Amino acid sequence: GIQVEQSPPDLILQEGANSTLRCNFSDSVNNLQWFHQNPWGQLINLFYIPSGTKQNGRLSATTVATERYSLLYISSSQTTDSGVYFCAVPRERTNNNAGNMLTFGGGTRLMVKP
Amino acid sequence: DTGVSQDPRHKITKRGQNVTFRCDPISEHNRLYWYRQTLGQGPEFLTYFQNEAQLEKSRLLSDRFSAERPKGSFSTLEIQRTEQGDSAMYLCASSLKSASEQYFGPGTRLTVT
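In order, the protein sequence lines correspond to chains A and W. The first sequence: position 79 = 81 (the working numbering), numbered continuously. The second sequence: position 76 = 80 (the working numbering), numbered continuously.
Quick look at the structure:
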């Protein structure tokens with residue numbers, strides 16, 4: 003199956019700082035999602051971004067599918083941005099059952115200090 | 005659209021007991037997924053339904069685990085004879101079609117004592 007690696011594993015920022023989180027995957031994919039997991043365990047959808055660039059407020063994401071990576075940018079970080087950020091891609095390149103079973107990276111644990 | 009819901013949110017059980025969790029997907033979503041997440045790890049896929057048909061099961065899903073989606077709407081995940089290693093967050097997700105965005109529920113946190 004496809005392997006997913008995220009970096010850095012841990013990140014501590016001062017409020018107001020910018021950061022870039024990276025997601026590398028081992029094979030070409032036709033979809034990719036970024037999530038934020040809050041302290042209560044809820045996975046919150048940030049981006050569905052198989053390719054290209056998207057922006058949502060202070061967050062933006064870029065996926066370069068041909069080079070097998072995606073980046074999540076957080077600008078002007080706030081304490082509420084703290085939590086774990088996951089990227090997820092399809093478990094396999096092709097799937098005969100037409101499902102989209104996701105493989106997650108290990109996550110980036112972000113702490114934003116006031 | 006009320007999102008994916010799961011019940012209960014927390015479950016504490018003694019080793020050897022059976023537990024059952026429920027997931028209600030977003031109403032028009034015909035695809036439903038179960039994942040398990042242990043502390044410090046990303047979620048791992050367990051099983052997948054398209055309507056009422058269970059089309060894929062992970063090797064993580066031992067014989068003690070069974071999942072159903074009888075009418076293609078809500079789903080249940082049952083664990084028989086629970087073990088301490090079953091302690092984890094159990095997450096449910098749904099999507100409208102394959103290769104499309106999945107939406108996750110709040111999860112059921114299971115603790116086996």
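Idealized CB from N, CA, C, for every residue including glycine. Just so it is clear, the structure is predicted and the values come from calculations on it, not from any experiment.
Kindly indicate which three-state DSSP category residue i falls into: helix, strand or coil?
| i | result |
| --- | --- |
| glutamine 45 of chain W | coil |
| glutamate 7 of chain A | strand |
| alanine 67 of chain A | helix |
| threonine 22 of chain A | strand |
| aspartate 28 of chain W | strand |
| aspartate 29 of chain A | coil |
With a Cβ-Cβ cutoff of 8 Å, do residue i and residue j count as a contact?
| i | j | result |
| --- | --- | --- |
| phenylalanine 118 of chain W | leucine 61 of chain A | It is not possible to answer for residue 118 of chain W, since the shown part of chain W is limited to 5 through 117. |
| valine 116 of chain W | glutamine 88 of chain W | yes |
| phenylalanine 49 of chain W | serine 70 of chain W | no |
| glutamine 16 of chain A | cysteine 89 of chain A | no |
| threonine 82 of chain A | proline 10 of chain A | no |
| serine 72 of chain A | valine 114 of chain A | no |
| tyrosine 37 of chain A | asparagine 47 of chain A | What sits at residue 37 of chain A in the sequence shown is phenylalanine, not tyrosine. In contact: phenylalanine 37 of chain A and asparagine 47 of chain A (Cβ atoms closer than 8 Å). |
| threonine 68 of chain A | glycine 54 of chain A | no |
| glycine 107 of chain A | valine 6 of chain A | yes |
| glutamine 21 of chain W | threonine 86 of chain W | yes |
| valine 23 of chain W | leucine 114 of chain W | yes |
By how many angstroms is the C-alpha of residue j removed from the C-alpha of residue i?
| i | j | result |
| --- | --- | --- |
| glutamate 94 of chain A | glycine 3 of chain A | 5 Å |
| lysine 56 of chain A | glycine 44 of chain W | 28 Å |
| phenylalanine 53 of chain W | arginine 73 of chain W | 7 Å |
| methionine 93 of chain W | glycine 101 of chain A | 22 Å |
| leucine 34 of chain A | isoleucine 14 of chain A | 25 Å |
| glutamate 60 of chain W | threonine 80 of chain W | 15 Å |
| valine 31 of chain A | threonine 22 of chain A | 21 Å |
- Query: Looking at chain W, which residues of the segment 15-47 of chain A have a Cβ within less than 9 Å of any of its Cβ atoms?
  - Reply: Answer set for the segment 15-47 of chain A: Asn32, Asn33, Gln35, Phe37, Gln39, Trp42, Gly43, Gln44, Leu45, Ile46, Asn47.
- Item | Where the segment 84-95 of chain A meets chain W: residues whose CB sits under 8 Å from a CB there | Near chain W, meaning a CB-to-CB distance below 8 Å, the residues of the segment 84-95 of chain A are Phe88, Ala90, Pro92, Arg93.
- Could you run through the segment 80-109 of chain W and flag, in chain order, every residue whose CB is less than 9 Å away from some CB of chain A? Per Cβ criterion, the list reads Met93, Leu95, Ala97, Ser99, Lys101, Ser102, Ala103, Ser104, Glu105, Gln106, Tyr107, Phe108, Gly109.
- Identify every run of the beta strand (DSSP E) within the segment 37-86 of chain A, keeping only runs that are complete inside it and at least 3 residues long; order them along the chain. Within the segment 37-86 of chain A, complete beta strand (DSSP E) segments of at least 3 residues are found at 45-50, 54-58, 61-66, 71-76, given in chain order.
- Taking only runs of the beta strand (DSSP E) that begin and end inside the segment 74-107 of chain W, which ones reach a length of at least 3 residues, in chain order? The segment 74-107 of chain W contains these whole beta strand (DSSP E) runs: 79-83, 92-99.
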